[in-house]
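**Q** The numbering of the sequence shown is the working numbering, which starts it at 773 and goes up by one. The beta carbon of each residue, even a glycine, is placed where N, CA and C say it ideally should be. Just so we're clear, the structure is a prediction, and the values are computed from it rather than from any experiment.
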Amino acid sequence: MKKAFLLFLFLLGGTAWTHAHWKTRDFSMVTNFNVKCDSGCTRLRFLMLIPRTHPGVQEVHSTSFNIQPAKVYTEHNTTFAEFNFEHPARDFTITVKTEGRLYNNDYASNRRQPPVHPDSLAAFLQSTQMCEADSPQIRALAGRIMKRKKSAIGRIGDIWSRVHGIKYVYGPPKSALEMLRSGEGCCTGKSNLFIALCRACGIPARLYSGIAAREAHAWPEAYVDGRGWVKFEPTHTDETDYKRINGSHIRLSDGRFTFMGMDTDTRYRYWYWGTAPSVDEAYQFVIYGEED
């Protein structure tokens, strides 16, 4: 049943729905890319990520542009819109409006997904360059966690508490081992450490990135038997219960990817001929309500 509509515009991920834990939310997101060029810029190619439907996580009902893109396509489970400008105007804005629905897949929402074949989870247990699950330091910490906690969700809670307590510092993403050694880092670094510790404990885990609290953001998911893939938020300080996520996340990229010089931490890229332009981005969100 639809609850009362929110009467205010709030920062996505910032203001929590406090009286009932949310299950679905309809949303509208407007993204503005403000471009400034001078007469020396003769050509501009602009590539951006846009939200797409991920079953059980988010539905995109409509996407509209104030300037029509040359093409929209999907690579690496990520959707891109590409624009090409010949002799672009001095100052202009590319506006993208996306409307859709979010589904909460945190642990407290108690949403159960169909089980997946174990073979499909193998990749999410591997040690990687950014998630060094097989390093001695990561394995030693994971071993202590496994001695204290016997269940997967208990171990995830212990991992979340450790990562959540690490100081957030904006900057280039660090690997899990770098995070452990430095004791500070950005959201991608925190997610890397969360994922590495989960994998070292035998729990499949993976990375997603997108938008939350009007900013670019990364967060992890872990696979819990009987529940499926569950989202966790080890970065935002206003999230105080690892089983519950009050803020909303809009997914842009599906795991780690490298494409056209872009990666998981990039939302747009541009190429120019002549004088370099400048670009800044701004996001606006409206959450329309909650449905049980």
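Pairs of beta-carbons, one from the region 888–895 and one from the region 921–940, closer than 8 Å: are there three or more?
**A** no
**Q** Do G872 and D798 come within 9 Å of each other at the CB atom, strictly closer than that value?
**A** yes
**Q** Quick check: the region 877–893 against the region 847–857, are at least 3 beta-carbon pairs closer than 8 Å?
**A** no
**Q** Among the residues of its own chain, which have a CB less than 8 Å from the CB of R971, if the five just before and after it don't count?
**A** F896, L897, Q898, S899, C903, A905, A977
**Q** By Cβ distance, which residues of its chain are closer than 6 Å to N856, with the 5 residues on each side in sequence left out?
**A** R817, A842
**Q** Measuring only the C-alpha atoms, how far is G982 from Q830?
**A** Taking the straight line joining both Cα atoms gives about 12 Å.
**Q** Examine chain C for any beta-carbon lying closer than 9 Å to the beta-carbon of N849, and answer yes or no.
**A** Absent from the structure is chain C; it holds one protein chain and no more.
**Q** Using 8 Å as the threshold, is the region 799–819 in touch with the region 858–870, meaning 3 or more CB pairs across them?
**A** yes
**Q** Out of F1031, R920, K919, which one is the CA nearest neighbour of Y845?
**A** F1031
**Q** Going by beta carbon distance, what residues of the same chain come within less than 8 Å of E987, once the five residues before and after it are set aside?
**A** Y1055
**Q** Taking just the CA atoms, how far does A1048 sit from D734?
**A** Nothing about residue 734 can be read from this structure; the chain reaches only from 773 to 1064.
**Q** How long is the line joining the alpha carbons of V888 and R1039, rounded to whole angstroms?
**A** So the alpha carbons of these two residues sit roughly 30 Å apart.
**Q** Would you mind giving the Cβ-Cβ distance between S963 and Q901, rounded to the nearest angstrom? I have them listed as a contact below 8 Å.
**A** Wrong, their Cβ atoms sit about 14 Å apart, outside the cutoff.
**Q** Taking a contact to mean a Cβ-Cβ separation below 9 Å, would you say I917 touches L969 in this structure?
**A** yes
**Q** Measure the alpha-carbon distance for L821 versus I1022 and round it to whole angstroms.
**A** 12 Å
**Q** Among the residues of its own chain, which have a CB less than 8 Å from the CB of T865, if the five just before and after it don't count?
**A** N804, F805, N806, V807, N838
**Q** Determine the closest residue to Y1014 out of R934, A912, I910, Y1044, with distance taken between C-alpha atoms.
**A** R934
**Q** Provide the residue span of the beta strand (DSSP E) that contains T870, from first to last.
**A** 863–875
**Q** Could you check whether A990 and T719 sit closer than 9 Å to each other, using their CB atoms as the reference points?
**A** Only positions 773 to 1064 of the chain appear in the structure, and residue 719 is not among them; the question remains open.
**Q** Exposed or buried, what is W794 when buried is set at 16 or more other beta-carbons lying within 10 Å of its beta-carbon?
**A** Buried, since its Cβ has 16 or more Cβ neighbours within 10 Å.
**Q** From V1084 to R824, what distance separates their C-alpha atoms?
**A** Residue 1084 lies beyond the stretch modelled for the chain, which goes from 773 to 1064, so this question has no answer here.
**Q** Counting only the same chain and skipping the five closest in sequence on each side, list residues whose C-beta sits under 6 Å from that of L781.
**A** For L781, the predicted model reports a pLDDT of 36, less than 50, meaning its position is unreliable and no value from the coordinates is stated.
**Q** For G982, write down the residues that DSSP places opposite it in a beta bridge.
**A** H989, R1023
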